[in-house]
Amino acid sequence: MADADPLRDYNSKRDFTRTKEPAGKRGRPSGDGFIVQKHDATRLHYDFRLEMDGVLKSWAVTRGPSLDPADKRLAVRTEDHPLSYAGFEGTIPKGEYGGGTVMLWDEGTWEPVPGKSAKDLEKGHLHFILHGQRMKGEWLLIRLRPRGKERHENWLLRKIDDDYAGGSEELVAHALTSVKTGRTMNEIAADAPAISLAGKRGKAFDAAMAKAEKAAASSVRDAPAKKGGKGSSGLPSFRPPQLATLVDAVPTGSAWLHEIKFDGYRCQVAVAGDKVKIYTRSGLDWTDRFASVAQAVAALGLPAALIDGEIVALDADGNPDFSTLQKALAGESKARLHLFAFDLLSLDGESLEKLPNVTRKERLFALLGEGNSTVRVAHHVVGAGERLFKAMCDAGQEGIISKRADAPYRGARTKSWVKVKCTRRQEFVIVGWTASSASGRAIRNLLLAQNGPDGLVYAGKVGTGFNAANSDSLLDAMERRARKTAAVEVPRAEVRGARWVRADLVAEIAFAAFTAENVVRHASFLGLREDKAARDVRREEPMPVPDAHSDVQVSNRDRLIFPEAKVTKGQLADYYDAVGPVMLPWIARRPISLVRCPQGRAKKCFFQKHDSGSFGDHVKHVPVREKDGATEDYLYVEDVDGLVACVQMGTIEFHGWGSLVDDIEKPDRLIFDLDPDEGLDFADVKKAARDIHRTLEDMGLASFPMLSGGKGVHVVVPLTPEAEWPRVKDFADRFARALAAQEPDRFTATMSKAKRKGRIFIDWLRNQRGATAVLPYVVRARENAPVATPVTWAELDGIEKAGAFTIADVDRLVERAASRALRGWGEARQTLPDY
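Residue numbers 1 to 835, in full-length UniProt numbering, belong to the letters of the sequence shown in order.
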């Protein structure tokens, strides 16, 4: 029997003369809202609440929701809350039930999956879909079997593997502000608006930093980006798209990214705030035809950007389907259109085409985040293309696209993008047709052609794939193009009864093979391609898979570089060749200093940041003005060939500036290098990193841990490159000194060895112009060849040393880099607090 007063427990636990929480009153039972409140009470947790039967059914999720389907987060059932609680954000007084700060962390609507019901909750499980600002897609709540005399119901909250699945910390590490007010937890606790540190200097600023009592409203990745900005006065222009070459097998190795080949219309989306224009692959403006997609892009409030992607419609099984797309565009279907974005060509007026593909993809993830129900980022896998290809073929899909991870974007057909198809599908030009009835209003066959070296060449006929939905529009199009003679030479056997048309209609055809006579066999009509010009239709023959290994020749491959680990120069080059694609987002087009050890790590090593030309064409130069006014050429690389070329010259380590060569005066990251005194344990370093992480989080800044491969941990804070070096250096300096002043027995912000005794040096000096820090996935010139490795905050606790990964773990490192756990590592769209 249902409880006559489901809010009795809620009301009995609270003194409403002391707390600002709303008094409990049951609402209408027909709502479908949900909220999540971040709650810093006895311990930090996330209160997950579903509207049901006029109340909010509630669970306390101790570590917060995870996008990784492998994570099963404990969710402890708590008392029902009133619907009015959905708007509550503030501080519950100390001593009261649940005393602490409450942030409205997410909100939206929910629904059971088809075939399920809200009543399933009574059976101990609930399978549902969320439409929130942060939590999206399918989720599952399952009650655990009761144990003993437990006081509360223990449940598990788990993400279902769908398009919104991701990493363990992808939500909680980035989502640091309220969806209601944009405030951090500290600002809510202080009952203060989202403010900056404006006007605070000297001791007042240091105190505020140390206690994190005041924080600026930062644009974290899940919040909309600022509209306008550099290059936002107008929309980016259309650029010739990069096209893929058909190959006969899936490329192998970590040098390739693999994506689904979407069965839709290729497009470029130009956006600047609420202005959007959508181009076809040939540059036609189809914004009106894709109006729903344009509206969804506009709703994201993006800065000026040019996005490459595919617009698709999903069939009943949720798979991209070209015929469903055509019906939707013709108004014959209510199927929704979706944009799957897979490349970013420009951002804020800056061209990104020279950047490696993997770096552009990282920028795209950072720009779009989770997108919305219409706009999604096309995910990729590294080094597992065969599995993806099999999965696509088993699902009846077209195939996959494989892309060189280190390749720039080129507006032409290249071998750095290749496509592998499950079934053969190509475009053909329609040159004629035959009727299957006396009335002439039924199609028996279409006569096809493709362009050859000397013009159109007959390519056979197709007699299946026609239906009531596509025949009438196809006939109308052909009758408008009727002509008396054939536009191509057709075999005499096919001429009888043929009706000829102007050769400008393009059809997509599926077929088994080309015969010895060069005509299609077992062909089927899929639809017209309005986005492709007849002059561009040529036969595609699968080519051998191109070699993706570095073209740089490495001499003296047997020279021993790491004597104790028995690692040779050739093995070091092979390591950077393999790990290069996942390393490029952090090193490409960034000024670097090299640690060169030509005779091995145990011999003489030295730093080098300039080059007189001895490194070859794969290593680039950027002119940098020095303090004395002179200009020197600094080194940078753009691809895996550049990395291997440096190894050929005796390089072991790569250290990078905090800015890119594209805007060298504006850093895109902060680094706090925690360097412990000799007597300290690694556990002390891990605790220090977590404390710094929490302090930054209180200020609205997301941060990420990286094992240095030496003694310590780097806390990495991504930045939108807006502030210049003096301001970034000042912030880092004051932040480190404030922490050291707050806990002088634990920390020092001074490099002096004498003052470091028994303490951890918070090295903020890497955050100044010209300073460098070791980059992710770099091998260190230390015993056993340890590697600087990105890790998650969740796994940091279980790691025993800063050199936990070595060059021998290359396969594991590549696999980890593409894992859900590390998805979003090092990415956040955020700026420093103003002061």
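Every residue gets a Cβ at the ideal spot worked out from N, C-alpha and C, and that includes glycine.
Environment of residue i [buried if 16+ CB atoms lie within 10 Å]
i: GLY24; result: buried
i: ARG404; result: buried
i: GLN648; result: buried
i: ARG441; result: exposed
i: SER752; result: exposed
i: SER708; result: buried
i: ASP317; result: exposed
i: GLY383; result: buried
i: ALA291; result: exposed
i: SER117; result: exposed
i: VAL716; result: buried
i: ARG201; result: Unreliable placement is indicated for ARG201, whose pLDDT of 46 sits below 50; the coordinate value is still reported in the next sentence. By the 10 Å Cβ count, ARG201 comes out exposed.
i: LEU7; result: buried
i: MET543; result: exposed
i: ALA749; result: buried
i: ASN467; result: exposed
i: VAL495; result: exposed
i: THR101; result: buried
i: ASP681; result: exposed
i: HIS655; result: buried
i: residue 836; result: Past the boundaries of the shown model lies residue 836; the chain is included only from 1 to 835, so the question cannot be answered.
i: LYS261; result: buried
i: ASN357; result: buried
i: LYS604; result: exposed
i: ARG444; result: exposed
i: SER232; result: Since pLDDT at SER232 reaches only 38, below the 50 mark, its modelled position is unreliable, and the value read off the structure follows with that caveat. Buried: at least 16 other Cβ atoms inside 10 Å.
Start-to-end residues for the beta strand (DSSP E) that takes in residue i
i: ASN445; result: 443–452
i: GLU596; result: Inspection of the sequence shows that residue 596 is occupied by Arg rather than by Glu. Segment 592–596, the beta strand (DSSP E) holding ARG596.
i: ASN556; result: That residue, ASN556, is in no beta strand (DSSP E); it is neither H nor E in DSSP.
i: MET699; result: It is not in any beta strand (DSSP E) - MET699 carries neither H nor E in the DSSP assignment.
i: ASN154; result: 154–159
i: ASP633; result: 631–637
i: ASP47; result: 44–52
i: ILE188; result: Unbroken run through ILE188 is the alpha helix (DSSP H), 185–189; no beta strand (DSSP E).
i: TRP793; result: Premise fails: TRP793 lies in the alpha helix (DSSP H), 793–796, not in any beta strand (DSSP E).
i: ALA435; result: 424–435
i: TYR279; result: 275–280
i: ASP504; result: 499–511
Beta bridge counterpart(s) of residue i as assigned by DSSP
i: MET103; result: LYS38
i: CYS605; result: BP columns for CYS605 are empty, so no partner.
i: ILE311; result: TYR265 and LEU339
i: PRO676; result: ILE760
i: TRP110; result: LEU130
i: THR568; result: LEU560
i: PHE805; result: According to DSSP, which records beta bridges pairwise, PHE805 is partnered with nothing at all.
i: THR17; result: None; THR17 has no bridge partner.
i: ILE260; result: ILE400
i: LYS57; result: LEU50
Where the alpha helix (DSSP H) containing residue i begins and where it ends
i: PHE731; result: 725–742
i: ALA296; result: 291–298
i: LEU368; result: 357–368
i: LYS415; result: Premise fails: LYS415 lies in the beta strand (DSSP E), 413–421, not in any alpha helix (DSSP H).
i: GLY642; result: 640–648
i: TYR458; result: Note, TYR458: premise wrong, no alpha helix (DSSP H); beta strand (DSSP E) at 455–462.
i: THR324; result: 322–329
i: VAL495; result: 492–495
8 angstroms contact criterion, which residue i and residue j should meet: CB distance rounded
i: ILE400; j: ALA244; result: Their Cβ separation, rounded to whole angstroms, is 10 angstroms, which puts ILE400 and ALA244 out of contact at 8 angstroms.
i: GLU310; j: GLY264; result: 5 angstroms
i: GLY411; j: GLN242; result: 6 angstroms
i: HIS127; j: PRO112; result: 7 angstroms
Taking contact to mean at least 3 C-beta pairs separated by less than 8 angstroms, is the region 299–319 in contact with the region 344–354? yes
Would you check if the region 462–475 and the region 512–528 touch, i.e. whether three or more CB-CB distances between them fall below 8 angstroms? yes
Practice problem: Kindly confirm or deny that the region 632–644 and the region 613–621 touch, where touching means at least three C-beta pairs closer than 8 angstroms. | Solution: yes
With contact counted as at least three CB pairs below 8 angstroms, one residue from each stretch, are the region 147–161 and the region 60–71 in contact?
yes
- Query: Counting Cβ pairs, one atom from each stretch, are 3 or more of them under 8 angstroms apart for the region 166–184 and the region 672–692?
  - Reply: no
- Between the region 355–364 and the region 384–397, do three or more beta carbon pairs fall short of 8 angstroms? no
Under 8 angstroms, with one C-beta from each stretch per pair, do the region 765–784 and the region 652–665 reach the 3-pair mark? yes
Using 8 angstroms as the Cβ pair cut-off and three pairs as the minimum, do the region 529–547 and the region 562–573 touch?
no
Three-pair Cβ contact test at 8 angstroms for the region 425–439 versus the region 500–508
yes
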